[in-house]
Each structure stands twice: as C-alpha cells, then as structure tokens.
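**Student:** Got a structure for you, written out below as structure tokens; questions coming shortly.
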Amino acid sequence: MEGSASDFVPRPAEGLHHRNLMALFAARVRRSAHQPALRHKQGGVWRTTSWAQWEDASRSLAAALGRLGVERGERVALVSRTRREWVFADLAIAMAGAVSVPVYPSLAADQCCAILEDSGAVAAILEDAPALENVTQAKARGELAALRVVVLIEGPPAPDRSDTGLAVHEWAELLATPPSDEEVARLDALAASVGPEDELTYVYTSGTTGEPKGAVLCHRNLVYEVWALKNVVPLTHTDEQLLVLPLAHIFARHLLWATVEQGAVSAFAESEARIYANFIEIAPTFVAAVPRMYERAYAALVHDKSARGGMAKAVLERALAVGRRASQFRQRGEALPTGLSLQLALADRVLKGIRERFGGRLRLFISGGAPLSREVAELFHAAGMLILEGYGLSETTGATHVNRPERFRFGTVGPALPGCQVRLAEDGEVLVHGPNVMLRYHGRPEDTAAAFDADGWLRTGDIGEIHDGFLRITDRKKDLLKTSTGKYVAPVMIEKRLRLGEGIAYATVCGDARPFVVALLSLEEEAMLARSDREGLGCHGYADLAAHPRIRQICQGQIDEVNAGLSRHERVRAFYIVPRPFAEATGELTPTRKVRRPVVLERYASIIEGLYAANPGDPSRSRP
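Here it is, written out as structure tokens:
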C-alpha cells in the first residue's frame, strides 16, 4: 500500500503513533541522538554506539542496497548471529523499502537455502565465508534463482562469484561510502511513502510441528507491538538489556525495537559460554531468555555447590525458605510483616550472592518461547529476581500476553497486551485478534486460511485457560496425547517438570494411542559428568553416561519424583536415555532450543516400539 505522509492519521489507542518503523527510529534519534544505544565487545573492550551512529550506519547500507539494485518490496535475507551489524542491517533493509528475511545462522545449509528460496530473496547479508560457500553451492546447483547480490559481513576479501550469477560485496566497503544527496532524498521519500500495511519482514516459524512457514509482518505489526510493550514493561534510557537470544527469533527482535521506542540500551552477549561473564561486565537491568537458561540456573543452584559460590546447600535452602515466604506476600501485593522483614534482611546476605551472579542490577527477567516451570519462577523470586513470563508467536509479532512487574501470577503468561484481544474456542484453543497479527503466510494461501477462524481470529494451536484475565497455557493442541485407554495427557507439562531434574536437559514424552506414557531423555552432559566425578563412576563423555546404570538410576529417581505429582494415566512408565544429546546440528532442536518433536519421534521410532514391546502388561522401567 503506497501513499503520502499526509494520509497517515496517528491512532494512539491502537499504538500507531508512527507511520512505519523508520519514523519510529527517527523519533528516537531526534530525542536521544548522542545517547548510548548499543554496546558490543571488541578487542576485549565494551564499545558504545549512539543512536545517531546507528542511523548513519543503517542509512549508508540502505543507500548501498539501492545502488546494488534492490527495489522496494524485494526480499533481503539476513543470515547472522546476534551482533551490532544485524541491527544495522535490519533498519537498513526497511529504509531501502525492502523486506527483511531473518535466518538462523545455525540452520543446516539446506534449511537456510530453503528459506531463501521460499522467500524469493534477491539479496542476502551473510555473516562469514562458510555461509557464502553454502549459498554459492546452492546457486551453482541451479537453486536460489532470484538471488543476485550478497553482502559479506566478515572474513577474507570477498571472492568473485560472478560465474554463478552472484555479485559479492564486502560490508566494510559498502558502509565506507556515505550516501549522496540524491540518495538521501530518495531514502527520505521512501520513508514518507511506506505505509503501516506495507510488508516489513518475513519471520519463519521454528518448525517444531512441521515445515517452517514465513509469517508476513507489516510495519503496523511491529510499531503496535513495541507501543504495547512500553505500556506494560516501561523502560528508560537508564535501562540496559543483555541480548542473549538470536535476533532471527521474533522474541528478541521485538524487545530490541522496544528499546528503540523507549530509549534503553542493548548490549550483545559474546556467546553462550560467556553469558555469565557478560552479566558481571554489563550488569543489565533486564534480560529476556527462553526457559532453558532459567532451568539450567535453577538446576545448578539446587544441585551444584560451585554454582552456589561454595555455600552449603542447607545454608542456601534456609535463606530461600525465608525468601519464599516473602515472595508469597509480594505475589499477593501485601506488605511484609515486621518479623519476616527482619528475617529477610539476614537471609538476603546469602541471596545477594545469587543476584550478583547476574550483575546485581537486575530489575526483571522476561521468559518466552516455551512454557516456564512455576518452580523455577518461584525460586528466582525467592532470591529477589522477578521473571515475567509471556506468550506469543511469530504470527503475532511476538508477545500477545505478559505478566507485569506490579501484576503477575506464576504459572501463567499474564494478561493480554493493550489492544490485543483473546478468547478461547470451544475446545480451549487460544484465539487472538489485534494489530499485531500477521497479514498471511508467504505463498501459502491454504495454510493462511486454516490459520484463521470464520471471524478472522488467529488460531494459535495452543490450549489455555483464562482466570481473572490471566492466561495459562496448558498444552499444544497438536501435541495432546490420547492413550489407548481414552485418557488425555498433556506432554509439555510433564516434560518441563522432568527438565528440572538433575542432569536432564530435554525430555520427549510419548503415548498417543498407547496403553501408557514413556519418555526419551537427553542428558545435561556437564552436570552428569560432575556427578560422575563426585561418585567415581569413571564416565568420560556422553556415551558413557547414557550407558551407565547409576546414571540411569538417577534419572529414574527424577521420574519417580515427577510421577508422584501426576495422575495414574499420566505417569511415565518406561524411559530411554538417547545415545547422543539432542542438538540443533543433528536436527532435534530448533535454534531457540525447543525440541522438534516430529524429528525425535521419527528418529527413535524403533526405540519407542521397543519400550512398549518390552512392557506389554504391567510396565516395568527397563530399557530395550
């Protein structure tokens, strides 16, 4: 939809204060041009980028894309890990009037190229030489017909790939050339003409339940979303987030743009291995992550003395017991009794050490992307750190619900964002309607039609309950199991409880049309090797752990604890420890560490059959 600047009428009630993303960013630069916007580590030193510097870099790249022939509405793929160049490119693609297609750099080469092919990308911004080689090989095989331009962020000088029809350019070279007056005028005209309904980005779904689909999001979607987030989780220029999520995930991306709307700073974590060091160095005030990060921290605090800073488990448990009592009052919005306040002041000498592991300045954590266990949220709150769980989809530009700092309930994903409507279908499926809902799936009219009900509400595929405005997700509609005895089982709930057990990284629960429930377990190698060392088991790697009877006994104990809180038909009656850990590289995990259930069930089909064959009557716990 093309138009002029004069035909845009702001609609504050819907969060549409800006015509498009460029206008939103320009407003931030006018207010905060020389204030810090981004931090990244280079040469062992944290360096700062201002809002004006970000704008200049993105404008130079946008002009370069125009010189390279990228036209308005054409797709530009962005294949890179989370880094400063990613956010420069995200804004630049929008400035050029093009449509961004973020791709996880950790995807297998064929998966990455499939997204480039499906989106019809004419250009690709690639992080390094291996990514370029993958694209070049696909191009040489006759794939990626639309792709004609590649920009390489880092690596050796860009090689000549003209024989494959690709023009390869170096990032530094493009940014070194400032836009001409004519190019500036062209970019300004584009920014004025792009309307709220114009396409902004294709965000591909994770593929946990099938083939990835490109959710087409427009400028209105993201402009509304960041306005809504501002109204529920307010930030200022004094706030700073540590970005630990991949920006190809809509969760991280809408939080990045929320900092643009509110003027907060975003710092880029160096790597997963350096996250805790970066916590200390940056001392962020808020962090968003998937539940796996919180679960690992929970397991370490409960089971690993070194993670507790050497303090005895009994000392920590006494302090947390006081923290939990204080948490109950705070959850109800009540003042602490005088006696409890005094006890908490003493306990906080211990709990402060836990908070300092995360920099000591945190106001809140945000969790999304998968269900968070209530036990994890309660432990963090007892230690003085609030996790706000939220919920959303790629199809909804991220969050539709989130708990508030002043209004939260553990075990729920909170109330809906302002302007976002939610209701439950007859079968309990969560339906959503609002300014953040996608336009369609790219090139998939049948899937698009199936995604909406007759009244135009998006079918989320999740089953939920709503009490006092708080939504609780109980399971995925497609993932509900029905045993051969006619009983329904919610596997997600069981799986997240199992993941809290010592040394269990992932669990996949099976039982559809079967007499009972079984589970496949993937071990947390580091934690289990530490247990092996403590007990002298002699395990030297994952394969040793998976085969060791004592490790199996430990897992059985974890399952027994979970089973104690389940109904008879929900209990895990047999399990198998997979011989190699679930990993993204081998296809079992998505880039955000969610299990690809179809892949796991297919890969271990014979093992699952063996579990049932070995236990046809009264199921034992033996492994085939």
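Here the working numbering is used: the first residue of the sequence shown is 766, the next is one more, and so on. We put the CB at the ideal spot given by N, CA and C, even for glycine.
1) I'd like the list of long-range same chain contacts for asparagine 1380, defined as Cβ closer than 7 Å, with 5 residues on each side in sequence excluded.
2) Among Gly1301, His984 and Thr1213, which one has its Cα closest to the Cα of histidine 1019?
3) Report back the beta-carbon spacing between glycine 1155 and glycine 1124 to the nearest angstrom; my notes put them in contact at under 8 Å.
4) How many angstroms separate the CA atom of arginine 1185 from the CA atom of valine 981?
5) Grouping DSSP H, G and I as helix and E and B as strand, with all else coil, what is isoleucine 918?
6) What residue does the alpha helix (DSSP H) around threonine 1024 start on, and which one ends it?
7) Measure the beta-carbon distance from alanine 1270 to proline 1346 and round it to whole angstroms, keeping in mind my assumption that it falls under 8 Å.
8) Please give me, in chain order, every unbroken run of the alpha helix (DSSP H) with length at least 4 that falls completely inside the stretch 1310-1380.
9) Would you kindly work out how many angstroms separate the C-alpha atoms of histidine 805 and tryptophan 811, rounded to a whole number?
10) Between which two residues does the beta strand (DSSP E) harbouring aspartate 1232 extend?
11) Can you check whether the CB of glutamate 1026 is closer than 8 Å to the CB of leucine 789?
12) At which residues does the beta strand (DSSP E) containing arginine 804 begin and terminate?
13) Classify serine 1387 as helix, strand or coil using the three-state DSSP reduction.
14) I need the DSSP call for lysine 1247, collapsed to helix, strand or coil.
15) Look up glutamate 767 in the DSSP assignment and say whether it is helix, strand or coil.
16) Using a Cβ-Cβ cut-off of 7 Å (strictly less than) and excluding sequence neighbours within five positions of lysine 1252, which residues of its own chain qualify?
17) Looking only at its own chain, which residues have a Cβ that is under 6 Å from the Cβ of alanine 854, when we skip the five neighbours before and after it?
18) When you compare the CB positions of valine 1360 and threonine 1273, do they come within less than 8 Å of one another, or not?
19) In the DSSP assignment, what are the bridge partners of isoleucine 1152?
20) How is proline 1398 classed by DSSP in three states: helix, strand or coil?
21) Tell me whether valine 841 sits in a helix, a strand or coil according to DSSP, three-state version.
22) Mind checking whether histidine 1002 and alanine 1038 have CB atoms under 8 Å apart?
23) Please list the segments of the beta strand (DSSP E) lying wholly inside the stretch 943-988, counting only runs of 3 or more residues, in order along the chain.
24) Per DSSP, arginine 1205 is paired with what?
25) Looking at the unbroken beta strand (DSSP E) that takes in serine 815, where does it start and where does it end?
26) Below 8 Å, how does it come out for the stretch 847-865 and the stretch 823-837: are there three or more Cβ pairs, yes or no?
27) Check the C-beta distance from histidine 1313 over to leucine 1302 and give it rounded, since I have them as a contact under 8 Å.
**Tutor:** In terms of the structure at hand:
1) Arg1338 and Ala1339
2) His984
3) Contact doesn't hold; Cβ gap of about 22 Å is too wide.
4) At residue 1185 the sequence reads cysteine, which differs from the arginine that was named. Taking the straight line joining both Cα atoms gives about 18 Å.
5) coil
6) 1015-1027
7) 7 Å
8) 1314-1328, 1362-1368 and 1370-1379
9) 6 Å
10) The sequence shown places histidine at residue 1232, not aspartate. Taken as a continuous stretch (DSSP letters only), the beta strand (DSSP E) holding histidine 1232 covers 1223-1232.
11) yes
12) 801-807
13) For serine 1387, the predicted structure reports a pLDDT of 39, less than 50, and the residue's modelled location is therefore unreliable. The matter cannot be settled from this model.
14) strand
15) Model confidence at glutamate 767 stands at a pLDDT of 46, short of 50, so the residue's coordinates are unreliable and nothing is read from them.
16) His1334
17) Leu843 and Ile890
18) yes
19) Phe1130
20) What is shown of the chain runs 766 to 1389, which leaves residue 1398 out entirely.
21) strand
22) no
23) 964-969 and 979-983
24) Val981
25) 810-815
26) yes
27) 6 Å
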